[in-house]
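J.: The sequence shown: position 110 = 110 (the UniProt record's numbering), numbered continuously.
Where a beta carbon is used, it is the ideal one built from N, C-alpha and C, also for glycine.
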Amino acid sequence: MLDIVIESRKASIGPNLTVNRILPFRLRRMVGPFIFMDHAGPVRAEVPDAGEYDVLPHPHIGLSTVSYLFGGTVTHRDSLGVEQVIKPGEVNWMTAGSGIAHSERFEDPAVLAGGELEMIQTWVALPEKDEESAPSFHNYTVEQLPVFTDTGVWMRLIAGNAYGLLSSVKTSSPLFYLHVVLSQGARFGLPKEHAERGIYIAKGSIEVNGNTYGEGKLLVFTKGGDPLIIAKEKATLMLLGGEPLGNRYIWWNFVSSRKERIEQAKEDWKQGRIILPPNDNDTFIPLPEDKSRPSGPPPEVLS
1 MLDIVIESRK ASIGPNLTVN RILPFRLRRM VGPFIFMDHA GPVRAEVPDA GEYDVLPHPH
61 IGLSTVSYLF GGTVTHRDSL GVEQVIKPGE VNWMTAGSGI AHSERFEDPA VLAGGELEMI
121 QTWVALPEKD EESAPSFHNY TVEQLPVFTD TGVWMRLIAG NAYGLLSSVK TSSPLFYLHV
181 VLSQGARFGL PKEHAERGIY IAKGSIEVNG NTYGEGKLLV FTKGGDPLII AKEKATLMLL
241 GGEPLGNRYI WWNFVSSRKE RIEQAKEDWK QGRIILPPND NDTFIPLPED KSRPSGPPPE
301 VLS
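(1) With a cut-off of 8 Å on the beta carbons, I'd call Val-31 and Gly-241 a contact; round off their distance for me.
(2) Are the CB atoms of His-58 and Ala-96 within a distance shorter than 8 Å?
(3) With respect to the beta strand (DSSP E) encompassing Gln-84, which residues constitute its N-terminal and C-terminal limits?
(4) Identify whether Leu-190 lies in helix, strand or coil by the three-state DSSP scheme.
(5) At what residues does the alpha helix (DSSP H) containing Arg-21 begin and finish?
(6) Distance, Cα to Cα, Leu-175 vs Gly-198?
(7) Would you mind stating whether Asn-279 and Gly-99 have Cβ atoms separated by less than 8 Å?
(8) Report the option in Met-155, Ser-136, Thr-151 and Phe-137 whose CA atom is closest to the CA atom of Leu-145.
(9) Let's see if you can read the secondary structure: which residues bound the alpha helix (DSSP H) around Arg-261?
(10) If the criterion is Cβ atoms closer than 8 Å, does the pair Arg-29 and Ile-6 meet it?
(11) Assuming the contact rule is C-beta atoms closer than 8 Å, Ile-230 and Gly-216 should be a hit. Round their C-beta distance to whole Å, please.
(12) Of all the options Phe-221, Ile-285 and Leu-228, which has the alpha carbon lying nearest to the alpha carbon of Met-1?
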């Protein structure tokens with residue numbers, strides 16, 4: 001059964017970069033362990049300047065960031081000294097754990113000028129036992145991710161398990177995350193083995209239970225139902241969900257099961273205890289001057 005439909009909202013993550021924010025939402029904070037979702041692009045800059053769209057170094061705790069590109073390239077640098085150019089179809093899985101800082105820079109002007117840059121970024125909350133784990137980073141190439149095709153259906157399993165497929169991406173809790181492309185008229189169903197399930201419509205439109213939904217919407221379903229999904233036109237979908245982890249607090253770029261841990265992270269960033277990427281440490285994003293408690297949706301969240 002369809003539980004809720006979430007309409008994406010515009011959010012700024014930099015002076016020149018606006019994204020569609022899907023999660024968190026005031027009436028639905030999480031879907032399985034997924035606590036955050038942004039859709040950036042396609043970005044087109046007529047005369048792109050170097051660094052115009054970059055996201056400067058900023059911190060995270062208590063989560064994994066998952067970056068997935070439809071088009072373009074992004075250069076990732078982090079506190080571990082990792083420098084990785086991510087390409088379409090690959091997965092950048094960075095686990096912040098006890099604390100990490102990273103930047104995302106768009107260093108190819110031709111990509112921006114050509115309107116090729118388009119990215120989905122999600123955050124996956126960590127189980128309580130893993131919230132203070134050591135930070136880590138992994139890049140998974142296209143060849144490492146399982147793909148399935150059928151009449152009118154193409155899908156890549158980004159992480160977790162679904163439809164009998166199993167991804168090699170290392171995760172901390174039961175989940176699924178897929179990139180699905182449906183041809184017009186194709187019929188599709190959701191995986192049944194997961195407690196919480198959602199469909200984000202990145203492009204095109206689909207019909208569910210006789211109603212049509214277009215791009216920019218996240219449809220969240222209750223457990224056990226088997227909704228029939230029909231592509232009204234060619235559609236690109238991101239399917240995500242899994243087992244819930246319990247309540248999580250979120251403020252700015254910090255996620256934790258404990259409010260006091262977020263307060264500690266604020267102070268750690270102000271005092272420089274979360275180190276900057278060694279190969280990108282000339283500038284950084286300062287802690288926002290916000291007095292709100294870490295309980296509701298953040299006033300501003302950076303990827």
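T.: So, from the data block:
(1) In this structure Val-31 is in contact with Gly-241, their Cβ atoms being roughly 5 Å apart against a cut-off of 8 Å.
(2) Cβ distance not < 8 Å, so Ala-96 and His-58 don't count as in contact.
(3) For Gln-84, the uninterrupted beta strand (DSSP E) run begins and ends at 83 to 86, by DSSP.
(4) Note: Leu-190 maps to coil in three-state DSSP.
(5) Careful: Arg-21 lies outside any alpha helix (DSSP H), inside the beta strand (DSSP E) at 18 to 23.
(6) Approximately 11 Å between the Cα atoms of the pair.
(7) No.
(8) Closest option to Leu-145, Cα to Cα, is Met-155.
(9) Run containing Arg-261: 259 to 270, per the alpha helix (DSSP H) assignment.
(10) A distance of 8 Å or more separates the beta carbons of Arg-29 and Ile-6.
(11) Contact flag wrong, Cβ pair sits at about 19 Å.
(12) For the residues Phe-221, Ile-285 and Leu-228, the minimum Cα distance to Met-1 belongs to Phe-221.
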